[in-house]
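Asker: Below is a structure I'd like to ask you about.
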Ligand SMILES: [Fe+2]
Ligand SMILES: [Fe+2]
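Residue numbers (my numbering): 1 to 292.
Dropping the structure here:
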């Protein structure tokens, strides 16, 4: 049974990470829809706006409620996020609210020993419920896109594997929220396995999105694919925290380097820097989990 303090800080730790992730999935979808499906792009934009509203609430409620280490872990924003958001807005015309990123810089950390009242718990519980609702309909939306694409009724500029990936992320977040709302101590026993699989997916997607002339980047991404494929075959059972942590740190560095290269226009790819910064934050979230 999760006590109030733990329920509040854990909820906000997860929400601050995941709500941004969901909002960015909406941006990636919107920017990948061909003109004939304008309506779907609009729907994606509406999801983005709804997540932005909940994101603003989350940032406000998280003030003073999240440990310093979580805030500094690079899972919520990185040194690239603001520039990456700016680039996406300039290059796609899709509005990306950078004020929210700047608001995140000012979140005060949790004071150890802080006591929260029942009203704060109620506020967090309500926030979780709103996010659960929205994420359930967003998961349905993603699932329809995926089904239509694999049956060739729809074409997008996202790999089907990527649509499947972002659908699985939404479903995982729903699982996490349900566990939190049930005040379960362990949010999810498969969470680590889930992120190992994700790191493998990221390496595969990146490998396929670099320009064919970027041989070095392609080769490094391909090495990560090999590494994670081997890891997933071997780590189905045992605890290998140290090894997982080391691999996650390496892929995090590669994602950071790629993001910087994209922002500085020194790497050619059909990925936006916000996409790779997103993957970077997901790696940092995983690293944070392995370290806590
Ligand atoms: Fe994601
Ligand atoms: Fe991901």
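Glycine included, every Cβ here is placed at the ideal spot set by N, Cα and C.
From a predicted model like this one, the values you see are computed outputs, not experimental measurements.
On the three-pair Cβ rule with 8 Å, is the segment 113–124 touching the segment 5–16?
Answerer: Verdict: yes, contact present.
Asker: Between residue 173 and residue 196, is the Cβ-Cβ spacing less than 8 Å?
Answerer: Taking 8 Å as the Cβ cut-off, residue 173 and residue 196 do not qualify as a contacting pair.
Asker: Please go through the same chain and pick out, in chain order, the residues whose beta-carbon is closer than 7 Å to the beta-carbon of residue 31, but skip the five residues on each side of it.
Answerer: So the qualifying residues of the chain are 92, 94.
Asker: Which class does residue 35 belong to by DSSP, given the choice of helix, strand or coil?
Answerer: Residue 35 falls in the helix class under three-state DSSP.
Asker: Quick check on residue 182: does DSSP put it in helix, strand or coil?
Answerer: Coil.
Asker: I'd like to confirm the pairing. Which residues does DSSP put opposite residue 269 in its beta bridges?
Answerer: BP columns for residue 269 point to 210.
Asker: So, at 7 Å on beta carbons, what are the nonlocal neighbours of residue 263 in its own chain, with the 5 sequence-adjacent residues on each side left out?
Answerer: Here the set comprises 80, 83, 84, 87, 273.
Asker: Hey, is residue 166 close to ligand 1, as in C-beta under 7 Å from one of its heavy atoms?
Answerer: For ligand 1, at least one heavy atom lies less than 7 Å from the Cβ of residue 166.
Asker: Is residue 42 buried or exposed, if buried means 16 or more other CB atoms sit within 10 Å of its CB?
Answerer: Flag for residue 42 reads exposed.
Asker: Which runs of the beta strand (DSSP E), 3 residues or longer, sit entirely within the segment 130–166?
Answerer: Runs of the beta strand (DSSP E) inside the segment 130–166: none found.
Asker: Per DSSP, what are the beta-bridge partners of residue 109 in this structure?
Answerer: Paired residues: 66.
Asker: Helix, strand or coil for residue 115 per DSSP?
Answerer: Looking at residue 115 - three-state DSSP - the assignment turns out to be coil, as it is neither helix nor strand.
Asker: Among residues of its own chain, excluding the 5 on either side of residue 21, which ones have a beta-carbon nearer than 8 Å to its beta-carbon?
Answerer: Closer than 8 Å at Cβ, skipping near neighbours: 169, 173, 278, 281, 282.
Asker: To which residues of the same chain is residue 222 closer than 6 Å at the C-beta, ignoring the five residues directly before and after it?
Answerer: The residues are 207.
Asker: Compute the Euclidean distance between the alpha carbons of residue 259 and residue 202, then round it to the nearest angstrom.
Answerer: Using only the alpha carbons, I get a separation of about 14 Å.
Asker: Leaving out five residues on either side along the sequence, give the residues of the same chain with a beta carbon under 6 Å from the beta carbon of residue 75.
Answerer: Excluding sequence neighbours, residue 75 sits near 17, 281, 284, 285, 288.
Asker: How long is the line joining the alpha carbons of residue 46 and residue 23, rounded to whole angstroms?
Answerer: If I take the Cα positions, the gap works out to 10 Å.
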